[in-house]
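Residue numbers (our numbering): 234 to 1014. As structure tokens, the structure follows; a few thoughts come after it.
Written out as structure tokens, the structure reads:
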């Protein structure tokens, strides 16, 4: 039905703008006929005869338009709406005369939606356009597929069946490709209304026709006439339709863009390639400075930037200038991006954020253009804060080669240097950047005047971890019998070396474990299981171990525990288990000290502790296994670090060389082959010394190792209380609680006090004074 209405609409399309002129047409026709002398009766007959078909098609078109048009708004007269849209719809911008859809923004609405990838099926104008287009396309296809194509014959059939019998009236050469045979009246053409045959060329056809007529003995007066014509059968149109569709699809894709079209009048994709992807964050940022803990020094630096933007007069009175930028560096998970989010949530100034990888594209020149556009946005919204996350993607050191992407990256870096150096200090734009690879940044980017401050955010200490635990414990439903502050301190002492992201993961895992077993509250046991999950990996209770393998693992872990228990500088043992987790078949968990400087004796005891498992296998089973691979790897790294980096070898001397990073290609060593051989000898001697000392200790405490190994086979998990029951108190003093770790540091909590000049950082001085005066007047009244 829709296709039929589309065909009728297509047929009535020329009358679309002439329906309203039907009466005028009849009146003009009547006047013309009367002027030529026709009578009144004749005039009425002629006008009625020729106006009825026009009225019929007009009536069909109006009914079709009424069927697929929008209903008039409730409470409005349809005639008034039509007159207002018709009278005012002539305005070019669609704003005048009532804003009808035809004269106003109807096309703009559905066209802009179409460019964004949203097909406006509910738009009436779009429905009519698709209906008319579908009707026209259907009519064209029907014509091309069901038209009379005639009957193709050969040259021999033409000569013997038609030319010899005198049935040919004339020949019509069409487009110099084929000949249409026009037969005399009452001649039978077979299946089609006419017959035709192909020709190679016009000259050949004319020669063959002349020869055939001569052979048939036709007189010149009876010979067939030949005419030439040019026609279009639609084949050319059908051949270019796929090309036009492909071009239209490409243009639509380019304008739409990779993310469904951009703003700015639909100029997305290729047309907005040079526009920056920076985002202006609004007031929906929920992260505040109170949610950032464990990095008070870095937070203090950022607070100073925010305070300068809010209260610049405090610094200008002393002649100070705002730093142009700061780089937040540190290991992953320490809170660099979180601190930037808190800045966006607290600062009452625009916050613009962009990722360093968004500058580089496959097209040359896009990176510098996006840098220029981003800084233009920052200047326009000053005072503001601009944050570039993972700046090492665009700020890497420039090298000697300029090939492909490296050249584009250097051009982008050069534009970034120019934009930052060209900033006027009075524009009040602060540039913050985050990276975990400050060593690869270009020195020109890190110099004062661009990034004036380098703020390092390292892993938090035990006080910082306690503060972070307090932040992440707020939304959790804890056991009412537990004190959140005491729980935060206990967990901080049990998680040495954890970053803020690790602590957040521990708290979330504890909640997930509690929900897994349908517990109403989260307890300490859930947090302990979460710590084991984060450190060791997923627990695999269903993994089947052979009895011999399980016994080997038990004695291996017992060797680690015994050596660590009786060495003075080894870390205190927290837990030992033979339940497989992750890739390991067992593990021993220790409680390292909050220590930043290590002596040679401390590092040597740690090496012995890591060798305890391999030595226990050798002593009790007379063979070694592959279970000590990770231990040996750590021992080798520690030995090389002592000899090469820390200068702890008397033969190598007090020198330090950088060890290659994992995955880094080393073209040449910074020392000679003789020095390299000496380093290898020293490392081997150091590892052998640790192995001999561990062997002596295992042989001396063999009974205790066997006792712990058997208990592990029974219980699978031993904590510190079990070790005290089996081995007695450790012969050395150790620290294991939060209070013992922070003793002598001045306070039990992290120092969160602010300097005098930053205590009112969250208020604007001028606005505060202006707000206080009306309040005082109100109180007086």
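Every residue gets a Cβ at the ideal spot worked out from N, C-alpha and C, and that includes glycine.
Item: Of the listed residues 893, 891 and 876, nearest to residue 885 (C-alpha basis); Value: 876
Item: Distance between residue 753 and residue 710 (C-alpha atoms, nearest Å); Value: 8 Å
Item: Residue closest to residue 464, alpha-carbon to alpha-carbon, out of 696, 823, 721 and 413; Value: 413
Item: Beta-carbon proximity check, residue 559 vs residue 688, cutoff 7 Å; Value: yes
Item: Proximal residues to residue 258 (C-beta, below 6 Å), its chain only, five neighbours per side dropped; Value: Its pLDDT being 43, under 50, residue 258 is placed unreliably in this model, and the value from its coordinates should be taken loosely. Once the five neighbours on either side are set aside, residue 258 has no close Cβ partner at all.
Item: Boundaries (first-last residue) of the beta strand (DSSP E) holding residue 905; Value: Element bounds for residue 905: n/a, residue is neither H nor E.
Item: Given 8 Å, three or more beta-carbon pairs between the region 824 to 843 and the region 869 to 883; Value: yes
Item: 8 Å contact criterion, which residue 542 and residue 582 should meet: CB distance rounded; Value: 5 Å
Item: Residues that DSSP places opposite residue 668 in a beta bridge; Value: 562
Item: Same chain, Cβ closer than 6 Å to residue 770, five either side skipped, listed in chain order; Value: 814 and 815
Item: Nearest residue (CA-CA) to residue 398, options 797, 621, 417 and 928; Value: 417
Item: Residue 254 in three-state terms, based on DSSP; Value: Residue confidence for residue 254 is low, a pLDDT of 42 falling below 50, so the modelled location carries little weight and cannot support an answer.
Item: The region 599 to 610 in contact with the region 726 to 735 per 3-pair CB rule at 8 Å; Value: no
Item: The region 672 to 690 in contact with the region 645 to 652 per 3-pair CB rule at 8 Å; Value: yes
Item: Beta-carbon proximity of residue 401 to residue 462, cut-off 7 Å; Value: no
Item: Alpha carbon of residue 388 to alpha carbon of residue 454, nearest angstrom; Value: 23 Å
Item: Test item: CB-CB of residue 525 and residue 561 under 7 Å; Value: no
Item: Beta-carbon contacts of residue 783 that lie in its chain and below 8 Å, excluding the five residues immediately before and after; Value: 811 and 946
Item: Which residues DSSP lists as bridging residue 970, in chain order; Value: Answer by DSSP bridge pairing: none, since residue 970 is not bridged.
Item: Cβ pair residue 843, residue 867 closer than 7 Å; Value: yes
Item: Where residue 528 sits in the DSSP three-state scheme; Value: coil
Item: Proximity of residue 579 and residue 522 at Cβ, strictly below 7 Å; Value: yes
Item: Cβ-based burial, residue 239 [other Cβ within 10 Å; buried from 16]; Value: With a pLDDT of 44 at residue 239, under the threshold of 50, the modelled position of that residue is not reliable, and no figure is offered here.
Item: Proximity to residue 211 [Cα-Cα], best of 916, 517, 929 and 756; Value: Within the shown structure, residues of the chain are numbered from 234 to 1014, placing residue 211 beyond reach of any answer.
Item: Secondary structure of residue 388, DSSP reduced to three states; Value: helix
Item: Between the CA atoms of residue 726 and residue 970 - distance to the nearest angstrom; Value: 6 Å
Item: Residue 806, buried or exposed, once every other Cβ within 10 Å from all chains shown has been counted against 16; Value: buried
Item: Alpha helix (DSSP H) runs contained entirely in the region 933 to 971, provided each spans 4 or more residues; Value: 935 to 948 and 953 to 960
Item: Assigned secondary structure, residue 695 (DSSP; H/G/I helix, E/B strand, else coil); Value: helix
Item: Distance, residue 738 Cα to residue 767 Cα; Value: 8 Å
Item: Bounding residues of the beta strand (DSSP E) (the contiguous stretch that carries residue 213); Value: Only positions 234 to 1014 of the chain appear in the structure, and residue 213 is not among them; the question remains open.
Item: Beta carbon of residue 586 nearer than 7 Å to that of residue 620; Value: yes
Item: Start-to-end residues for the alpha helix (DSSP H) that takes in residue 553; Value: First-last for residue 553: undefined, no H or E at that position.
Item: Three-state class that DSSP yields for residue 642 in the structure shown; Value: helix
Item: Member of 670, 575, 682 and 697 whose CA lies at the smallest distance from the CA of residue 982; Value: 697
Item: Cβ distance (whole Å) where residue 912 is taken to contact residue 845 below 8 Å; Value: Not quite, the Cβ-Cβ distance comes to about 26 Å (not below 8 Å), so this is no contact.
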